[in-house]
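*Asks:* After the C-alpha coordinates below, expect a handful of questions from me.
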(Lines of atoms letter the chains of each structure in order from A and count residues from 1; the text may use other names and numbers.)
(Lines give C-alpha, C1' and ligand atoms only; values in the text may rest on other atoms or scores of the structure.)
Protein backbone atom coordinates (compact mmCIF):
# COMPACT_ATOMS: atom_id res chain seq x y z
CA UNK A 1 0.00 0.00 0.00
CA UNK A 2 1.43 3.42 -0.88
CA UNK A 3 2.47 5.48 2.18
CA UNK A 4 -0.08 8.19 1.42
CA UNK A 5 -2.86 5.60 1.68
CA UNK A 6 -1.78 3.91 4.90
CA UNK A 7 -3.93 4.90 7.84
CA UNK A 8 -6.87 5.97 5.68
CA UNK A 9 -10.53 4.98 5.71
CA UNK A 10 -11.65 3.41 2.46
CA UNK A 11 -15.12 3.12 0.92
CA UNK A 12 -15.44 1.29 -2.41
CA UNK A 13 -11.67 1.36 -2.80
CA UNK A 14 -11.41 5.15 -2.41
CA UNK A 15 -9.79 7.03 0.45
CA UNK A 16 -12.43 9.13 2.19
CA UNK A 17 -10.41 10.19 5.22
CA UNK A 18 -6.70 10.12 5.93
CA UNK A 19 -6.01 9.40 9.60
CA UNK A 20 -2.25 9.82 9.47
CA UNK A 21 -0.88 11.95 12.26
CA UNK A 22 1.14 14.99 11.33
CA UNK A 23 4.63 14.65 12.74
CA UNK A 24 5.37 17.62 15.03
CA UNK A 25 8.24 19.95 14.17
CA UNK A 26 11.00 19.43 16.72
CA UNK A 27 14.34 21.20 16.36
CA UNK A 28 17.69 20.40 17.95
CA UNK A 29 21.04 22.05 18.44
CA UNK A 30 21.80 25.19 16.45
CA UNK A 31 18.34 25.46 14.85
CA UNK A 32 16.61 25.27 18.25
CA UNK A 33 19.04 27.87 19.66
CA UNK A 34 18.27 30.17 16.71
CA UNK A 35 14.52 29.80 17.26
CA UNK A 36 14.91 30.44 20.99
CA UNK A 37 16.90 33.61 20.22
CA UNK A 38 14.32 34.79 17.66
CA UNK A 39 11.48 34.33 20.18
CA UNK A 40 13.46 36.12 22.92
CA UNK A 41 14.17 39.02 20.54
CA UNK A 42 10.54 39.20 19.40
CA UNK A 43 9.35 39.28 23.03
CA UNK A 44 12.11 41.74 24.07
CA UNK A 45 13.59 39.20 26.53
CA UNK A 46 10.53 39.88 28.71
CA UNK A 47 7.76 37.70 30.14
CA UNK A 48 4.68 38.23 27.95
CA UNK A 49 2.21 38.12 30.86
CA UNK A 50 0.58 41.53 31.31
CA UNK A 51 1.99 43.62 34.16
CA UNK A 52 4.91 41.21 34.72
CA UNK A 53 7.74 42.66 32.59
CA UNK A 54 10.37 40.40 34.19
CA UNK A 55 13.56 40.00 32.17
CA UNK A 56 14.10 36.46 30.87
CA UNK A 57 17.71 35.68 29.87
CA UNK A 58 18.49 33.94 26.60
CA UNK A 59 19.55 30.82 28.51
CA UNK A 60 15.90 30.18 29.45
CA UNK A 61 14.05 28.19 26.81
CA UNK A 62 10.79 29.58 25.43
CA UNK A 63 7.40 28.19 26.46
CA UNK A 64 5.47 26.04 23.98
CA UNK A 65 1.79 26.79 23.43
CA UNK A 66 0.15 24.35 23.34
CA UNK A 67 2.51 22.37 25.59
CA UNK A 68 2.77 18.61 25.95
CA UNK A 69 2.20 16.15 23.13
CA UNK A 70 1.10 18.89 20.71
CA UNK A 71 4.08 21.20 21.18
CA UNK A 72 6.14 22.16 18.17
CA UNK A 73 9.27 24.24 17.69
CA UNK A 74 7.66 26.95 15.54
CA UNK A 75 7.88 30.69 16.19
CA UNK A 76 4.11 31.13 16.29
CA UNK A 77 3.80 28.41 18.95
CA UNK A 78 6.36 29.82 21.39
CA UNK A 79 6.50 32.72 23.82
CA UNK A 80 8.65 33.91 26.69
CA UNK A 81 7.50 33.30 30.25
CA UNK A 82 9.45 34.12 33.40
CA UNK A 83 10.11 31.23 35.77
CA UNK A 84 7.19 32.21 38.04
CA UNK A 85 4.65 32.31 35.23
CA UNK A 86 6.01 29.13 33.68
CA UNK A 87 5.44 27.41 37.02
CA UNK A 88 1.91 28.86 37.17
CA UNK A 89 1.31 27.50 33.65
CA UNK A 90 1.71 24.07 35.14
CA UNK A 91 -0.35 24.69 38.30
CA UNK A 92 -3.65 26.13 39.53
CA UNK A 93 -3.41 29.38 37.53
CA UNK A 94 -2.88 27.43 34.31
CA UNK A 95 -6.11 28.58 32.64
CA UNK A 96 -5.27 32.29 33.02
CA UNK A 97 -1.68 31.93 31.87
CA UNK A 98 -2.68 29.66 28.96
CA UNK A 99 -5.26 32.21 27.79
CA UNK A 100 -2.73 35.07 27.93
CA UNK A 101 -0.19 33.00 25.97
CA UNK A 102 -2.76 32.07 23.33
CA UNK A 103 -4.15 35.61 23.05
CA UNK A 104 -0.63 37.02 22.71
CA UNK A 105 0.39 34.56 19.98
CA UNK A 106 -2.97 34.84 18.19
CA UNK A 107 -2.49 38.63 18.11
CA UNK A 108 0.95 38.27 16.52
CA UNK A 109 0.09 35.44 14.12
CA UNK A 110 -3.66 35.54 13.40
CA UNK A 111 -3.48 33.58 10.12
CA UNK A 112 -1.38 30.74 11.56
CA UNK A 113 -3.55 30.43 14.67
CA UNK A 114 -6.76 30.54 12.62
CA UNK A 115 -5.66 27.72 10.32
CA UNK A 116 -3.86 25.64 12.97
CA UNK A 117 -6.22 25.81 15.93
CA UNK A 118 -9.69 26.23 14.40
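Numbering (the numbering used here), first residue to last: 1325 to 1442. Where a beta carbon is used, it is the ideal one built from N, C-alpha and C, also for glycine.
Straight-line CA distance for residue 1358 to residue 1383?
*Replies:* To locate residue 1358, count along the chain shown from 1; it is residue 34. To locate residue 1383, count along the chain shown from 1; it is residue 59. C-alpha separation (whole angstroms): 12 Å.
*Asks:* Whose C-alpha, out of 1387, 1394, 1347, 1393, is nearest the C-alpha of residue 1361?
*Replies:* One-based indexing of the chain shown puts residue 1361 at position 37. Residue 1387 is the option with its Cα nearest to residue 1361.
*Asks:* Which of the three DSSP states is assigned to residue 1431 in this structure?
*Replies:* For this step, residue 1431 is matched to residue 107 along the chain shown. In this structure, residue 1431 counts as helix in the three-state DSSP scheme.
*Asks:* Could you give the DSSP three-state label for residue 1383: helix, strand or coil?
*Replies:* For the purposes of this step, residue 1383 is taken as residue 59 along the chain shown, with counting starting at 1. Shown here, residue 1383 sits in coil according to DSSP, grouped into three states, outside any helix or strand.
*Asks:* Which value, in whole angstroms, describes the spacing of the CA atoms of residue 1367 and residue 1346?
*Replies:* Walking along the chain shown from the start, residue 1367 turns up at place 43. Walking along the chain shown from the start, residue 1346 turns up at place 22. Straight-line spacing of the CA atoms in residue 1367 and residue 1346 works out to 28 Å.
*Asks:* Could you give the residue range of the alpha helix (DSSP H) that holds residue 1377?
*Replies:* Within the chain shown, residue 1377 is the residue found at index 53, counting from 1. Careful: residue 1377 lies outside any alpha helix (DSSP H) and carries neither H nor E.
*Asks:* Name the two residues that bound the continuous alpha helix (DSSP H) containing residue 1389.
*Replies:* Taking the chain shown and counting its residues from 1, one reaches residue 1389 at position 65. Element bounds for residue 1389: n/a, residue is neither H nor E.
*Asks:* Taking the C-alpha atoms as reference points, what is the distance between residue 1395 and residue 1348?
*Replies:* Taking the first residue of the chain shown as position 1, residue 1395 is located at position 71. Taking the first residue of the chain shown as position 1, residue 1348 is located at position 24. Straight-line Cα distance between these residues: approximately 7 Å.
*Asks:* What number of angstroms, rounded off, separates the C-alpha of residue 1352 from the C-alpha of residue 1428?
*Replies:* Position 28 of the chain shown, counted from the first residue, corresponds to residue 1352. Position 104 of the chain shown, counted from the first residue, corresponds to residue 1428. Distance between the alpha carbons of residue 1352 and residue 1428 is about 25 Å.
*Asks:* Suppose you measure from the CA of residue 1391 to the CA of residue 1401; what does that come to, to the nearest Å?
*Replies:* Stepping through the chain shown from its first residue, residue 1391 is reached at position 67. Stepping through the chain shown from its first residue, residue 1401 is reached at position 77. One C-alpha to the other measures close to 9 Å.
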